[in-house]
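Below you'll find the structure, written out as C-alpha cells, and then a few comments.
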C-alpha cells in the first residue's frame, strides 16, 4: 500500500497549521513588546509579574518609575530627544533587572519592574536613572521618581498601587495629585 497520498493529505494541512501557529505566536510576542524600548507592555508585564510574585512570594519588589519633567525634554529638545530618554531609561532599567526580574514600559514615561531580592540594589537603580542621556552631542539631564512595594498578598494590582503611592511621595516637586 502506498502511503504517500495519505501522508500528503495529512502533512499539507499540518504544515499550514504549524506555519500559522508560528506566525500567531510571533505576532503575540510583538504585541507584548513596546516598539520604541523593546520592553514588555502592560499586558506582557502583568502575566510575567504575576507568575514571579506567585513563585517567589515574599522575595519580590514591585517598582513603579515615572520620569521627572519629561514634558520639558520633549518641549525643549523635541520628541526625538524624548524618545532617546525613553530608550535610555528602558536600557538602564532592563540592565538593572537582569535575569532576576522583568521590566516594562506601561505607557508614556511610566515604567514598571518586578525583581527578586533587590533591596540592596535600589540605590544603583536610582543612580542609573539619574545619569544624563547623550543626544546629538549634548547631555540631557534626566531624573526619575521610583516607588517600591513588597507584595504581601499575591495581587499585582495592589502592589502597583502601593508603589504608585510611594512614588508620588518621592516626586521632587512634592506632587501628590493623582494622574488621570
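In the numbering used here, the protein residues as written are 1 to 180.
All C-beta atoms, glycine included, are put in the ideal place defined by N, C-alpha and C.
Among the options, the one whose alpha carbon lies nearest that of residue i
{"i": "residue 141", "options": "155, 117, 93, 84", "result": "84"}
{"i": "residue 41", "options": "60, 107, 135", "result": "107"}
{"i": "residue 62", "options": "152, 169, 172, 68", "result": "152"}
{"i": "residue 97", "options": "116, 82, 109", "result": "116"}
Cα-Cα separation, residue i to residue j
{"i": "residue 46", "j": "residue 103", "result": "10 Å"}
{"i": "residue 55", "j": "residue 43", "result": "19 Å"}
{"i": "residue 23", "j": "residue 139", "result": "Residue placement at residue 23 cannot be trusted, given a pLDDT of 47 that sits under 50; the coordinates are not used to answer."}
{"i": "residue 122", "j": "residue 135", "result": "26 Å"}
{"i": "residue 87", "j": "residue 58", "result": "31 Å"}
{"i": "residue 71", "j": "residue 9", "result": "60 Å"}
{"i": "residue 161", "j": "residue 60", "result": "15 Å"}
{"i": "residue 172", "j": "residue 147", "result": "13 Å"}
{"i": "residue 111", "j": "residue 125", "result": "13 Å"}
{"i": "residue 48", "j": "residue 100", "result": "12 Å"}
{"i": "residue 74", "j": "residue 164", "result": "23 Å"}
Span of the alpha helix (DSSP H) around residue i
{"i": "residue 52", "result": "42 to 55"}
Nearest-angstrom Cβ-Cβ length linking residue i and residue j, presumed shorter than 8 Å
{"i": "residue 65", "j": "residue 93", "result": "7 Å"}
Residue span of the beta strand (DSSP E) that contains residue i, given as start and end
{"i": "residue 60", "result": "60 to 67"}
To test your reading of the DSSP string, which unbroken alpha helix (DSSP H) runs of 4 or more residues are found completely within the segment 70 to 156?
70 to 77, 79 to 97, 122 to 129
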